[in-house]
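The next block holds one structure in the form of C-alpha cells; read it before the comments.
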Amino acid sequence: MTRLPALAGALFLSVACAPPPAPLDISGYRLIDLSHTFDEKTLYWPTDKHFEHNQVAWGRTEGGFWYSSFTYGGSEHGGTHIDAPIHFGEGKRSVDQIPIEQLIGSAVVIDISAACDSNPDYLLTVEDIGKHEQQHSRIEPGSIVMIRSGWSLRWPDAKQYLGSDVPGDTQDLHFPGVSPGAAEALSERHVAIVGIDTASIDHGPSSDFKAHQVFAAAQIACLENVNRLEELPPTGAIVFALPMKIGGGSGGPCRVVALIPPGSDTG
227 MTRLPALAGA LFLSVACAPP PAPLDISGYR LIDLSHTFDE KTLYWPTDKH
277 FEHNQVAWGR TEGGFWYSSF TYGGSEHGGT HIDAPIHFGE GKRSVDQIPI
327 EQLIGSAVVI DISAACDSNP DYLLTVEDIG KHEQQHSRIE PGSIVMIRSG
377 WSLRWPDAKQ YLGSDVPGDT QDLHFPGVSP GAAEALSERH VAIVGIDTAS
427 IDHGPSSDFK AHQVFAAAQI ACLENVNRLE ELPPTGAIVF ALPMKIGGGS
477 GGPCRVVALI PPGSDTG
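Residues 227 to 493 in our numbering are what the sequence shown lists, from first letter to last.
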C-alpha cells in the first residue's frame with residue numbers, strides 16, 4: 227500500500243515540475259468599461275441616498291510614508307448597479323446568491339435608440355426583439371441582453387437623464403424601459419441578465435414595475451445605468467458584470483466590462 231506522505235510528495239513534484247500555463251492573451255480584443263464612475267455626480271433614484279465618499283486620511287504620516295483612506299456609502303440602487311432578483315421577487319436570489327456563471331456571458335445588444343429619440347418613454351417591445359433576431363440570430367439561453375436607448379449620453383444631467391432634477395420627485399420621470407411583454411419574451415429565452423442604459427428596467431412613468439417583477443420571478447438579474455453600449459456590436463461581445471458581494475443585498479454597485487473579439491462590427 228502506498229503511504230500517504232509518499233503519495234502527497236509525488237503529487238507535489240508533478241505539479242511543481244509542470245510547465246506554467248500560458249498567459250491569457252487578449253491583445254487582439256478591445257476592452258470597454260460599461261460603468262459610470264461613482265462620485266459626487268452619480269445619479270440615483272430621486273428618493274434614494276446618494277453616493278458619499280468622505281476623506282479619513284490623505285497625506286504623509288509621521289513615519290514619512292503616504293497614507294490615504296475614505297469611507298463611502300449610498301443606496302444599493304444608484305450609478306451602474308445590479309438588481310438582484312430579490313429586489314422585486316420574494317424568496318428569490320440576493321446579490322451574494324447569484325451564481326458567478328450568470329454574471330459572465332455572451333452579449334446581445336438590442337438598439338432602440340432611434341425610437342427613443344422621438345419618445346422618451348419608449349418601451350422595448352416583443353417586435354423589437356423579433357427584429358433583432360431576424361437581423362442576427364435567436365437570443366440564446368444564458369445571454370446577457372443589453373438594451374441600448376442612447377440615454378447614457380445624457381449622463382450626468384439629472385434633468386435630461388431622469389426627466390426631473392427635483393429631489394424626491396418620482397412623478398415626473400421620463401426615460402425608456404422594457405415592456406412587460408418584452409420582459410416575458412426574454413424570460414422565455416432564459417437569458418441570464420438584462421441591462422439597460424437608463425435608470426430603470428421599467429420606464430420612467432411606471433408605478434408598478436412590471437418588468438422588474440417578471441425578471442425577478444425568473445431569477446434574471448438586471449443591470450441599470452449601463453454606459454457606452456454604442457461601442458458594442460449587436461452580438462459577439464463577452465460581458466463581465468461583477469457586483470459588490472453584499473450579503474442579502476437587493477442590489478449593489480457593479481463594474482461591467484465588455485471584451486470585444488477582433489473583427490466585430492458595432493454597426
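Every residue gets a Cβ at the ideal spot worked out from N, C-alpha and C, and that includes glycine.
Problem - Cβ-Cβ distance between His400 and Pro431 below 8 angstroms - result: If you number the sequence shown from 1, residue 400 lands on position 174. If you number the sequence shown from 1, residue 431 lands on position 205. Yes, they are a contact pair.
Problem - Inter-residue Cα distance where the pair is Ile422 and Asn451 - result: Counting from one through the sequence shown, the residue named residue 422 turns up at place 196. Counting from one through the sequence shown, the residue named residue 451 turns up at place 225. Between Ile422 and Asn451, the C-alpha separation is close to 6 angstroms.
Handout entry: Option in Leu257, Glu327 and Lys267 with minimal Cα separation from Asp391
Key = Numbered from its first residue, the sequence shown carries residue 391 at position 165. Measuring from the Cα of Asp391, the nearest candidate turns out to be Lys267.
Handout entry: Start-to-end residues for the alpha helix (DSSP H) that takes in Ile355
Key = To locate residue 355, count along the sequence shown from 1; it is residue 129. Where Ile355 is concerned, the enclosing alpha helix (DSSP H) stretches over Val352 to Gln361.
Practice task
Report, in whole angstroms, the separation of the C-beta atoms of Gly331 and Ile370, which I expect to be a contact under 8 angstroms.
Solution key: In the sequence shown, the residue the question calls residue 331 occupies position 105. In the sequence shown, the residue the question calls residue 370 occupies position 144. About 4 angstroms separates the two Cβ atoms, so the contact holds.
Problem - C-alpha gap between Gly489 and Gly299, whole angstroms - result: Along the sequence shown, read from residue 1 onward, the residue named residue 489 stands at position 263. Along the sequence shown, read from residue 1 onward, the residue named residue 299 stands at position 73. So the two alpha carbons sit approximately 41 angstroms from each other.
Handout entry: Span separating the alpha-carbon of Asp321 from that of Ile472
Key = Mapped onto the sequence shown, residue 321 falls at position 95. Mapped onto the sequence shown, residue 472 falls at position 246. Checking the displayed sequence, the identity of residue 321 turns out to be Val instead of Asp. Distance between the alpha carbons of Val321 and Ile472: 6 angstroms.
Practice task
For the segment 448-462 and the segment 340-348, state whether three or more C-beta atom pairs, one from each stretch, are separated by less than 8 angstroms.
Solution key: no
Practice task
Just list the alpha helix (DSSP H) runs in the segment 276-350, keeping only unbroken ones of 4 residues or longer that don't cross its boundaries, in chain order.
Solution key: 339-344
Handout entry: C-alpha gap between Ala425 and Pro245, whole angstroms
Key = Mapped onto the sequence shown, residue 425 falls at position 199. Mapped onto the sequence shown, residue 245 falls at position 19. The straight-line gap from Cα to Cα measures roughly 48 angstroms.
Practice task
Look at the alpha carbon of Trp292 and the alpha carbon of Val282, and state the distance between them as a whole number of angstroms.
Solution key: Residue numbering aside, residue 292 sits at position 66 when the sequence shown is read from its first letter. Residue numbering aside, residue 282 sits at position 56 when the sequence shown is read from its first letter. Looking at the two C-alpha atoms, the distance is approximately 13 angstroms.
Practice task
For Gly477, write down the residues that DSSP places opposite it in a beta bridge.
Solution key: As a position in the sequence shown, residue 477 is number 251, starting the count at 1. Asp309.
Exercise for the section: Return the first residue and the last residue of the alpha helix (DSSP H) that Ala384 is part of. Expected result: Indexing the sequence shown from 1 puts residue 384 at position 158. Ala384 -> alpha helix (DSSP H) spans Ala384 to Leu388.
Handout entry: DSSP three-state assignment for Leu412, whether helix, strand or coil
Key = Sequence index remark: in the sequence shown, residue 412 carries index 186 (1-based). Three-state DSSP puts Leu412 in a helix.
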